[in-house]
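From first to last, the protein sequence lines are chains A and B.
Sequential numbering of the first sequence, starting at 1, is according to my numbering.
Sequential numbering of the second sequence, starting at 678, is according to my numbering.
Written below as structure tokens is the structure these notes are about.
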Amino acid sequence: MSKRVVKGKNTRGGLKRFTISMQRKLVVLCGLVLLAFVGLGIKLFLINRDNGQAYTMQVLSQQAYENQTIPYKRGKIMDCKGTVLADSQLVYNVIVDSKQILEKDAYLEPTLDALESLGINRGRIREYITNHPSSQYYIALKNLSYQDRKAYLDKVEAGIKMEKEKKVAPADRKYDNIKGIWFESGYSRIYPHSDLACHVIGFSGSGNVGTGGLEEYYNETLNGVVGRRYGYLDESLSMEQTMIEPKDGNNLVLTLDANIQSIVQKYLKKHDDEYDNFDHPGNGSNHAACIVMDVHSGEILAMAGTPFFDLNQPSDLAALEGMPKLDANDEPMDSYLTYTDLLVMSDEDKPRYLNALWSNFCVSQYFEPGSTAKPFTVATGLETGTVDKDETFYCNGYKYIDGFEIKCHNREGDGLLTVGQAVERSCNVSLMEMAMSEGKENFTKFQNVFNFGLRTGIDLADEARTDSFVSDSTMTDSMLATNAFGQNFDATMIQMAAGFCSLINGGYYYEPHVVKKITSPSGTTLRTIEPRVLKKTVSEETSELIREYTVQVVEGRYGTGETARPAGYRIGGKTGTAETLPRGNDEYIVSFMGYAPAEDPQILVYVVIDRANFENQDDATFATVVVRSIMQEVLPYLNIYMSEPVTDEERAELEELGLAVTYTGDESPDKWEKQTW
Amino acid sequence: MSSISAIVKEKIGGRRGLADYSLVFIVLFLLSFGLVMLYSTSSYESMAQHGDAAYYLKRQMIFTLLGLALMVFVSLIPYTFWKRISLLAYAVSLGLILLIIPFGMEVNGAKRWLKIPILPIQLQPAEVAKIGVIVFSAMFIEKLGRKALSTVRGFILPMIPAVVVGVMLWKITDNLSSAIIVVAIVFGMLFVACPDYGKFILIAVVVLVVAAALVWYTVNSADTNSLDFRGERVLAWLDPQAYAGGKGYQTIQALYAIGSGGIFGKGLGQSMQKLGFIPEAQNDMIFSIICEELGLFGAISIMLMFVLLLWRFMMIANSADDFYGAMLVVGVISHIAVQVILNIAVVTNTIPNTGVTLPFISYGGSSVFFLLSEIGIVLSVSRGMQREELARLEES
């Protein structure tokens, strides 16, 4: 290193030269600095050597790995025509971060204004923020709609822009000082038709857990897989961010038709309104239920039972009003819930009553079916050859069995009856005679064939299994006799309907089902559920006879189901009247199992009225008129044309309903002339 | 380079030229490295607070460019100019500190900044004072003469203006670290200028003993509540884990960063501690992020760059044309060396936490701006009295 020192003159009192000794001292100074650097370098090394591992762990453990789930969209439920019955909508939770809001005084009021504009109670949220100053996650509001959130964000954005343009002082900014509000997305389940098919669909709340009906039965199908956004450390210990997209749930396409369903619900509701508070305070009946089924496939076209409830607010107690009070075993009593009862209802009672409300009467509840079981008894006799179609029976009004006097409807006695007449008049004595001829073994065997007591396998939650039929060895004569006309054994509506379909369709027992198709979120079909024949119950010959007999129930001179016949159509069916337990209370479940058209059955309409709110409940007319009204609208909807002429009276009635006369025959020329077309 | 300066270069052994390029290179390297590290360190917090990851980077770049322009300008001014205005420079330094009292801007509870009218920038008078004191003390020491410097009086007299500025910085701006730096600068200059070692060793021993006594007093203080924040910082220094939630938080997080870096670090941009764990890491704690991302290797490389810088300074001082020029460079050496040492010592918890920035690398407009003007002065010294000598050469 060449050092050149420019020699300056040393003036008196001052310095001109940077002398060699000064240069040396500068080197010493720099040496000291270097020494300090070396010391600090050693310190750095020691920190790494002694604490490196512990500190590395500490740094990793401090990392809050962002591990956030991304919700999936639960599948839709659509009817056979694509009408959406259940859907999931993108909604937002409003999250409040107290810590951030309290960072500056200027933040609080504008943020409270913003929260208030989102519909959050100002006083309550202020209280929360001041009481929880360190809280960073508080759900202040749930289910804010996409539109409301967007409107809010747009407003705030515009506000901030305006404040910047007008150069409002930072402390006075209304929008820019909104802090600590953020949104968390999620899905909320909506049911656009509120109570339509409520028991069939069921509902799904937060957490995507279905309760009742399809929502419960197909819970896994409807649910998707949550996505996840998370951080992890790779092998070189650097943070990586990964996102797994959520997988949306699959959709259900139903066999159910929303139009038929609403027709059914309309008339059930009409019945309910008609008898509401009629004989006693309370609903028109404990239950008024109906199943509409495709006879040749087991597809459910409609299924409903009163009381209905709004799927969007399933826990709204208002729907309970008028329902019978429940005893300790959850059995209905003879007193009914009033509005005041709802106000004072205890927390233990609420779930009991709500469960009763949500229960699908058509599949989850069982009852003694009554005379609608008679065609089954007849079919058993015909099928086993123990009853001949030309056989006759004599009814004198009662029959003694096991010491009991079992009466017929007609206490006077029906006299001498053919098999068909016995069905037409619903003669208990004749049916008891038939069952006696069949014997217990045949009878119980065919109860099993018709699937009574067993689950039908319908794809709905909570199907009841009754197992009420007994084996031939334990069966008493009186049980056999009463079972013959549908008493002393329990069945569900869906069991009766599915069995009856097989009686009239040539003996094919179809598994009843509600879902026709499962589709992917994008709409492609993943699975089609084809009609499934479970067994052959009766022969075509027997089936034909049963059709013949049941048409007589409606058309015959002494038929019990005359009031079920819709204008312009020939139908068949069977009435049912069963006294409920305990006997002697004059409480009845009445029903009508109807099908149409009579010659070539297409649909089955089964209506059950459980304890009508009327003094004399033992009248199947409660059910037949409902079946009639439903068929009157559903048959034209299904493009089944009238085969019979209509009377003037019926024509007027049809006009009132806005229905066309589709009869094209010429059996009644006088009516032809009155046609306007 | 003109032919005449080529001749000059040949004649005087390559020292003279337009600038000392190796020094300029080291400074540019440190500045560029500083900007990269600043961006890496600040982008997360910058995004969170200003919605722009490059907010701090942009601001720092503006000041760096302004500072470089100033550096070039200052390097063209013959350094003897500073001798002429040294008294004025000292007066301006005092004046700016006094202006803090009525016009100071309070940030984080301390009044350290002056708002420049119209412009959206703030000035830290402490940074101006450092230059002012260097320029003034160099002149003062020169005027005292060699004889006086070997006496105690010759040591105390030049210390007085520095101590005055130090006390003002401490009391008015509550900035003890800047006060220490100002006093240390003059102490370093006097160490070089005075011929003996005795009084410096004595003072160093006294300072150490007093510091130890203060620490002892703090630790044994019966009521820790009576301590001010400096007392608490001392306690946090001795046992940062115990104060990890309060005063020791920043220190312990910095140690975590250093310890988790290892030999080669996590890689540029891969720091985890900058993600909100070390508050305002781009200021005083940037060295810990360098350790975390670039490891011991990166940290020691940066320290070596500072060593190189100081070596260049030393060379320039030792070959300065006159005493005044050399003293200016010694002042700058002291300034930068003290700040680097204090900064790294704080980050490694070698001394209690006190806010000192790492020259050229930490975020801070005033700091980089005035540091570059100091470099300008050094460059001016390295160019020497070119014109006068040229004239002399041409005469001969």
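Quick reminder that beta carbons are idealized off the backbone N, C-alpha and C, glycines included.
Cross-chain neighbours of residue i in chain B, by beta carbon under 8 Å
i	result
N51(A)	L932, G936
Under 9 Å from the C-beta of residue i: neighbouring residues of chain B
i	result
N177(A)	Under the 9 Å cutoff, chain B gives no residues; its nearest Cβ is about 15 Å from N177(A).
V363(A)	Per Cβ cutoff of 9 Å: no residues; V363(A) is ~57 Å from chain B at best.
Chain-ordered chain A contacts of residue i [CB-CB under 9 Å]
i	result
T1027(B)	G39, L40, K43
Straight-line Cα distance separating residue j from residue i
i	j	result
S1011(B)	V33(A)	9 Å
L1056(B)	F1046(B)	15 Å
T664(A)	M642(A)	8 Å
E412(A)	C427(A)	12 Å
Y933(B)	V59(A)	6 Å
G506(A)	D310(A)	39 Å
L987(B)	A1014(B)	8 Å
T757(B)	E163(A)	53 Å
Y55(A)	I979(B)	22 Å
N223(A)	S520(A)	11 Å
I1018(B)	F983(B)	10 Å
M962(B)	G772(B)	31 Å
R532(A)	L254(A)	16 Å
G936(B)	V1033(B)	21 Å
K807(B)	K848(B)	16 Å
P669(A)	Q617(A)	Per-residue confidence for P669(A) stands at a pLDDT of 44, beneath the threshold of 50, marking its modelled position as unreliable; the derived number appears in the next sentence. P669(A) and Q617(A): Cα-Cα distance of roughly 42 Å.
E127(A)	Q100(A)	16 Å
F37(A)	S21(A)	24 Å
T577(A)	F592(A)	9 Å
M782(B)	V892(B)	32 Å
M683(A)	F308(A)	For chain A, the structure presents residues 1 to 677; residue 683(A) sits outside this window and is missing.
Reference residue i; option with closest CA among the options
i	options	result
L1048(B)	G972(B), S720(B), D697(B), L742(B)	L742(B)
G1075(B)	L891(B), L734(B), F780(B)	Residue 1075(B) is absent from the structure shown; chain B starts at 678 and stops at 1073.
E424(A)	L460(A), P307(A), P375(A)	P375(A)
C362(A)	Y400(A), A289(A), E216(A), N250(A)	A289(A)
T456(A)	F446(A), T418(A), Q495(A)	Q495(A)
Y894(B)	P797(B), T928(B), R1060(B), G908(B)	G908(B)
M738(B)	S719(B), L753(B), L708(B), H727(B)	L708(B)
M78(A)	A318(A), S88(A), T482(A)	S88(A)
G946(B)	S720(B), F702(B), K924(B)	S720(B)
H727(B)	R124(A), S359(A), D176(A), S437(A)	D176(A)
R229(A)	P71(A), A304(A), G119(A), K325(A)	P71(A)
A888(B)	V911(B), G939(B), M816(B)	V911(B)
A567(A)	T550(A), L635(A), Y509(A)	L635(A)
Y336(A)	N329(A), P324(A), D316(A)	P324(A)
L40(A)	I1054(B), N1026(B), P1036(B)	N1026(B)
CB-CB length for residue i against residue j, believed under 8 Å
i	j	result
T611(A)	T563(A)	Sequence check: residue 611(A) is Arg here, not Thr. Not a contact, Cβ separation roughly 20 Å.
Q799(B)	K792(B)	6 Å
S855(B)	N960(B)	Wrong, their Cβ atoms sit about 14 Å apart, outside the cutoff.
S371(A)	F485(A)	6 Å
L256(A)	A318(A)	The Cβ separation is near 26 Å, so there is no contact.
K25(A)	F868(B)	6 Å
Chain-ordered neighbours of residue i on chain B, where CB pairs are closer than 7 Å
i	result
L55(A)	Note that residue 55(A) is Tyr in the sequence shown, not Leu. Neighbours of Y55(A) on chain B, chain order: L932, Y933, G936, S937.
Q23(A)	N995
I47(A)	L932, I935, G936, T1025
Cross-chain neighbours of residue i in chain A, by beta carbon under 7 Å
i	result
F954(B)	Q62
A1014(B)	V33
Per-residue contacts from residue i into chain A (C-beta, under 8 Å)
i	result
I1105(B)	A question about residue 1105(B) goes unanswered here, because the residues of chain B that appear run from 678 up to 1073.
I878(B)	Neighbours of I878(B) on chain A: none; closest Cβ ~11 Å, over 8 Å.
Taking a cut of 7 Å between CB atoms, which residues from the segment 93 to 116 of chain A lie near chain B? Cβ contacts with chain B: none found.
Taking only beta carbons into account, state which residues of the segment 845 to 874 of chain B come closer than 9 Å to chain A, listed in chain order. Legend: CB atoms of the segment 845 to 874 of chain B lying less than 9 Å from CB atoms of chain A belong to residues G865, F868, V869, A870, C871, P872, Y874.
Cβ-based contacts, 9 Å cut-off: residues of the segment 984 to 996 of chain B near chain A: The segment 984 to 996 of chain B vs chain A, Cβ under 9 Å: V984, L987, W988, F990, M991, M992, A994, N995, S996.
Residues in the segment 218 to 233 of chain A with C-beta within 7 Å of chain B's C-beta atoms, listed in sequence order? Listed in sequence order: no entries.
Residues of the segment 961 to 980 of chain B in Cβ contact with chain A at a cutoff of 7 Å, in chain order, please. Contact residues of the segment 961 to 980 of chain B toward chain A are C968, L973, A976, I977, M980 (C-beta to C-beta distance below 7 Å).
Residues in the segment 183 to 201 of chain A having any Cβ partner in chain B nearer than 7 Å: Of all residues in the segment 183 to 201 of chain A, none has a Cβ within less than 7 Å of some Cβ in chain B.
Can you pull out the residues from the segment 152 to 170 of chain A whose beta carbon lies closer than 8 Å to at least one beta carbon of chain B? Interface annotation for the segment 152 to 170 of chain A against chain B: empty, criterion Cβ-Cβ distance under 8 Å.
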